[in-house]
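Residue numbers (my numbering): 212 to 546. Ideal placement from N, C-alpha and C gives every residue a C-beta, glycine not left out.
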């Protein structure tokens, strides 16, 4: 059964509980919590404590902003507080943010995140078994866990780890070491099928596994609205998000696959001048339809199933500003 989640909640620590209860009451299976203005683990823990069945997942926690030990502890605590309803979604982030916002090192992101996931799992094994960790890699070394700092085994086990990314190398790593892959919004159906899925399969094969049981969350740009005005607002917002991501060098392969190199060039120039807002209106309907599900609410479910129904194991449906009632029919049709 496909899991239906929502996200994009910009709630803070004081109101995340009420927001999570509304999501649970609306019939969603889970909520994806982004790392933005607040700590995602605090938000995830509060959302879980305010609900009884809602699954919580980070989308995404920035791995390289933390070392594997701090990540392992935060995820372990969130799993404990949520009574086993937590999934750890990780991403590398982008170089400028890691270096200049977080003040952390950046090099060989795919190789680093591969080792990072393995280190987190090794630390959880130490928690479970009461032994000292013995992880020695090219980027991380964890060989000491004094009893005072050992939380012991988690009665709910340890959370699954999903990776998020765009490039084929990141997808290969996810297939090899993760439990699932969260497709970045800046990914078209063509790129997903022609580039990402083969890369995931190569990673799984490297680990001696098939795609069976591996979870895939497809891209989630959605343009819809209950009336013409809200539909247009949704369209304008998504176009601006596409423009924002088009300026990121590591996402350029998506545009190149479609022959949209010129958009990437223009996005970089406008971003350098602080004028990226000018790019959104130039994104035509063909490009918008490649990146987003564009449909009136009554047709959203059919469009999602037609595009991703054969590959998705969990689907995120962004919650519109109009409220949760809009989605009762969408959720029923997706199940």
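Burial state of residue 290 (16 or more Cβ within 10 Å)
The sequence position of residue 290 within the chain shown is 79, counting from 1. Counting Cβ neighbours within 10 Å, residue 290 comes out buried, since at least 16 surround it.
With a 10 Å radius around its C-beta and 16 neighbouring C-beta atoms as the bar for buried, classify residue 399 as buried or exposed.
Position 188 of the chain shown, counting from 1, holds the residue named residue 399. Counting Cβ neighbours within 10 Å, residue 399 comes out buried, since at least 16 surround it.
Closest residue to residue 452 among 403, 487, 327, 437 (Cα-Cα distance):
Reading the chain shown from its first residue, position 241 is the one you call residue 452. When each option's Cα is compared against that of residue 452, the closest is 487.
Segments of 3+ residues assigned as beta strand (DSSP E) that fall wholly inside the segment 436–516:
none
To the nearest angstrom, report how far apart residue 445 and residue 494 are at their CA atoms.
As a first step, residue 445 must be located in the chain shown, where it is residue number 234. As a first step, residue 494 must be located in the chain shown, where it is residue number 283. The straight-line gap from Cα to Cα measures roughly 14 Å.
For residue 434 and residue 526, which I take to be in contact (beta-carbon distance under 8 Å), what is that distance rounded to the nearest angstrom?
Taking the first residue of the chain shown as position 1, residue 434 is located at position 223. Taking the first residue of the chain shown as position 1, residue 526 is located at position 315. With a Cβ gap of about 16 Å, residue 434 and residue 526 do not count as contacting.
Assign residue 412 to one of three DSSP states: helix, strand, or coil.
If you number the chain shown from 1, residue 412 lands on position 201. Secondary structure of residue 412 (DSSP, three-state): helix.
Evaluate residue 312 with the Cβ neighbour count: other Cβ atoms within 10 Å of its Cβ, from every protein chain shown; 16 or more gives buried, anything less gives exposed.
By one-based count along the chain shown, residue 312 stands at place 101. With fewer than 16 other Cβ atoms within 10 Å, it is exposed.
Three or more C-beta pairs below 8 Å linking the segment 291–298 and the segment 359–370:
yes
Which stretch, first to last residue, makes up the beta strand (DSSP E) that contains residue 297?
Counted from its first residue, the chain shown places residue 297 at position 86. Element bounds for residue 297: 297–302.
Keeping to the same chain, check which residues put their C-beta closer than 8 Å to that of residue 540; ignore five residues upstream and five downstream.
Here residue 540 corresponds to residue number 329 of the chain shown, with the count starting at 1. These residues qualify, in order along the chain: 508, 509, 512.
Report yes if the CB atom of residue 454 is closer than 8 Å to the CB atom of residue 478, and no otherwise.
The residue labelled residue 454 in the question sits at position 243 within the chain shown. The residue labelled residue 478 in the question sits at position 267 within the chain shown. Cβ distance < 8 Å, so residue 454 and residue 478 count as in contact.
Would you grab the beta carbon distance between residue 351 and residue 326 for me? Rounded to a whole angstrom, and I think it's under 8 Å.
Translated into positions along the chain shown, residue 351 becomes position 140. Translated into positions along the chain shown, residue 326 becomes position 115. With 8 Å as the limit, residue 351 and residue 326 qualify as a contact, their Cβ atoms being about 6 Å apart.
Alpha carbon to alpha carbon, what distance is there between residue 324 and residue 463?
For this step, residue 463 is matched to residue 252 along the chain shown. For this step, residue 324 is matched to residue 113 along the chain shown. Cα to Cα, the separation comes out at about 20 Å.
Can you have a look at residue 429 and say buried or exposed, based on whether 16 or more other CB atoms are within 10 angstroms of its CB?
Stepping through the chain shown from its first residue, residue 429 is reached at position 218. Flag for residue 429 reads buried.
Can you tell which of 520, 329, 423, 432 has its C-alpha closest to the C-alpha of residue 217?
Indexing the chain shown from 1 puts residue 217 at position 6. When each option's Cα is compared against that of residue 217, the closest is 432.
Can you grab the Cα-Cα spacing for the pair residue 264 / residue 519, in whole Å?
On the chain shown, position 53 is the one that residue 264 refers to. On the chain shown, position 308 is the one that residue 519 refers to. Computed Cα separation, rounded: 25 Å.
Integer-rounded CB distance, given that residue 275 should sit under 8 Å from residue 181:
Outside the modelled stretch of the chain, which goes from 212 to 546, sits residue 181, for which no answer is possible.
Please classify residue 257 as buried or exposed, where buried requires at least 16 other C-beta atoms within 10 Å of its C-beta.
Your numbering for residue 257 matches position 46 in the chain shown. It is buried - the Cβ of residue 257 has at least 16 other Cβ atoms within 10 Å.
Report yes if the C-beta distance between residue 273 and residue 304 is below 8 Å; otherwise report no.
Sequence index remark: in the chain shown, residue 273 carries index 62 (1-based). Sequence index remark: in the chain shown, residue 304 carries index 93 (1-based). Result yes, Cβ atoms of residue 273 and residue 304 sit closer than 8 Å.
With DSSP run on the structure shown, which of helix, strand or coil describes residue 248?
Residue numbering aside, residue 248 sits at position 37 when the chain shown is read from its first letter. Residue state, collapsed to three classes: coil.
Could you name the residues of the same chain whose beta carbon sits closer than 8 Å to that of residue 268, not counting the 5 residues immediately before and after it, in chain order?
Numbered from its first residue, the chain shown carries residue 268 at position 57. So the qualifying residues of the chain are 216, 241, 242, 243, 244, 255, 297, 298, 299, 300, 373.
So does the segment 406–423 actually touch the segment 378–395, counting three or more Cβ pairs closer than 8 Å?
Cβ pair count under 8 Å is three or more, so yes.
Got a sec, what are the start and stop residues for the beta strand (DSSP E) residue 216 sits in?
For the purposes of this step, residue 216 is taken as residue 5 along the chain shown, with counting starting at 1. Counted as a single uninterrupted DSSP element, the beta strand (DSSP E) harbouring residue 216 occupies residues 214–217.
Which word fits residue 227, buried or exposed, when buried means at least 16 other C-beta atoms lie within 10 angstroms of its C-beta?
Mapped onto the chain shown, residue 227 falls at position 16. That one is buried.
Name the DSSP beta bridge partners of residue 278, please?
In the chain shown, counting from the first residue as 1, residue 278 sits at position 67. DSSP lists no partner for residue 278.
Where residue 336 falls: helix, strand or coil (DSSP)
Against the chain shown, residue 336 aligns to sequence position 125. Helix, per DSSP.
8 Å Cβ cutoff met for residue 279 and residue 236
Taking the chain shown and counting its residues from 1, the one referred to as residue 279 is at position 68. Taking the chain shown and counting its residues from 1, the one referred to as residue 236 is at position 25. Against a cut-off of 8 Å, the Cβ pair of residue 236 and residue 279 comes out as no contact.
Hey, how far is the Cα of residue 378 from the Cα of residue 384?
Counting from 1 along the chain shown, the entry for residue 378 is found at position 167. Counting from 1 along the chain shown, the entry for residue 384 is found at position 173. Rounded to the nearest angstrom, the two C-alpha atoms are 10 Å apart.
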